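Residue numbers for the sequence shown follow full-length UniProt numbering, beginning at 1 and rising by one. The structure appears right after this line, and notes come after that.
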Amino acid sequence: MQSRFSVDCRKCGRLAGFLDEVKSRYPDYYARPVPAFGDEAPRLLIIGLAPGMHGANRTGRPFTGDFAGILLYRTLYKFGFANHEGSASVKDNLQLMQCRITNAVKCLPPENKPDSSEIRQCNHYLAAEIADFKAGGGAALLALGAIAHQAVLMALQLKPGIYPFSHGAVHALPGNSTAKALNNCSLTLYDSYHCSRYNTQTRRLTPSMFEQIFEKIRADMTA
Numbered sequence: 001m002q003s004r005f006s007v008d009c010r011k012c013g014r015l016a017g018f019l020d021e022v023k024s025r026y027p028d029y030y031a032r033p034v035p036a037f038g039d040e041a042p043r044l045l046i047i048g049l050a051p052g053m054h055g056a057n058r059t060g061r062p063f064t065g066d067f068a069g070i071l072l073y074r075t076l077y078k079f080g081f082a083n084h085e086g087s088a089s090v091k092d093n094l095q096l097m098q099c100r101i102t103n104a105v106k107c108l109p110p111e112n113k114p115d116s117s118e119i120r121q122c123n124h125y126l127a128a129e130i131a132d133f134k135a136g137g138g139a140a141l142l143a144l145g146a147i148a149h150q151a152v153l154m155a156l157q158l159k160p161g162i163y164p165f166s167h168g169a170v171h172a173l174p175g176n177s178t179a180k181a182l183n184n185c186s187l188t189l190y191d192s193y194h195c196s197r198y199n200t201q202t203r204r205l206t207p208s209m210f211e212q213i214f215e216k217i218r219a220d221m222t223a
C-alpha cells in the first residue's frame with residue numbers, strides 16, 4: 001500500500017533512535033526524515049540512497065551542504081535543470097526545473113548503510129512519489145547507485161534480475177500493476193554510480209561519466 005511521506009515518520013526504530021542521538025549531538029541539525037526537493041511537475045526524478053550526515057541531514061534538503069551535492073547540482077545546472085550550481089544551504093534560492101530529487105531511504109542511517117528492512121519500510125513512500133511522478137507525465141528516472149536502482153524496481157513491483165544495475169544502463173520499464181492504474185504511462189530508468197566522495201575521489205565516477213548520463217537523458221527528453 002502506498003502512503004504519503006511524513007517528516008514525522010518514526011517507523012524504523014533504529015533510524016529514529018539514531019536521529020535522536022544525532023540531534024542531541026548537533027542541536028542545530030535538521031535530523032528528521034528528509035522530503036523530496038524540486039519541481040512539483042518534473043520530467044526527471046532522481047533517486048539517491050539516503051541523507052548524508054552533514055548534508056541533507058543537516059540542512060533538510062537532498063544533497064545540500066555535502067560533497068555529493070557539488071557534482072550533482074553543478075551537472076543539473078549545466079544541463080538546464082537548475083537555476084544555479086550551488087547547494088550549500090536551503091537559503092541559497094536554488095530552484096530545479098523539470099527535475100525533482102528524492103532518496104530511497106528518507107532518514108540518515110548509521111554509517112550511511114540502511115538495512116534491508118529499512119529500505120523496504122521506506123519503499124512505500126518512494127512508490128507514492130513515483131506514482132505521482134508518472135501521473136504528472138514524468139518519464140525519466142535516474143537511480144544513483146545500486147540500492148536506489150533496486151528500490152525503484154521494488155516500488156514498481158519489477159524483478160531486479162531482469163534489470164541489472166550498471167553505470168550508464170538504460171532500462172525501458174514495462175507496464176506493471178502501478179502503471180496500469182495510471183494508463184500505462186511508461187518510464188525509462190537510467191543508472192549511474194552514486195556521486196559520493198568515495199566514487200569521485202577514486203575516479204570510479206568522473207564528471208564526464210556523470211555528464212554523459214545527463215546528455216542521454218536530455219537527448220531522450222527532447223527526441
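Ideal Cβ positions, reconstructed from N, Cα and C, are used throughout, including at glycine. Owing to the predicted nature of the structure, the values given are computational and were not obtained by experimental measurement.
In the same chain as G65, and ignoring 5 residues on each side of it, the C-beta atoms closer than 6 Å to its own belong to G55, R58, T59, A88, in chain order. Under the three-state reduction of DSSP output, D191 falls in the strand class. Per DSSP, T64 is not a residue of any alpha helix (DSSP H), being assigned neither H nor E.
If you check the CB distance, I213 and G168 come in under 9 Å. Contact between K134 and F5 is ruled out by a C-beta separation of about 16 Å, above the 8 Å threshold.
With fewer than 16 other CB atoms across the displayed protein chains lying within 10 angstroms of its CB, R203 is exposed. Counting only runs of at least 3 residues, the segment 23–56 fully encloses the following beta strand (DSSP E) elements, listed from N- to C-terminal order: 44–48.
For L96 against V152, the beta-carbon gap comes to about 19 Å, at or over 8 Å, which does not count as contact. Under the 8 Å Cβ criterion, the segment 34–49 counts as touching the segment 142–150, having at least three qualifying pairs. Bridge pairing for L144: S192 [DSSP]. Taking the CA atoms as reference points, K216 sits about 43 Å from R25. Looking from the CA of A140, the closest CA among R14, D28, M221, D20 belongs to M221.
In this model, L19 and Y30 are separated by some 9 Å (Cα to Cα).
A direct Cα-Cα distance of roughly 13 Å separates N93 from Y73.
Spatial neighbours of A155 in its own chain (CB-CB distance under 7 Å, excluding positions within 5 residues in sequence) are listed in chain order as N123, L126, A127, I130. Taking all protein chains in view, the Cβ of S116 is surrounded by fewer than 16 other Cβ atoms within 10 Å, so the residue is classified as exposed. Annotation: R197 to V22 spans about 21 Å, alpha carbon to alpha carbon.
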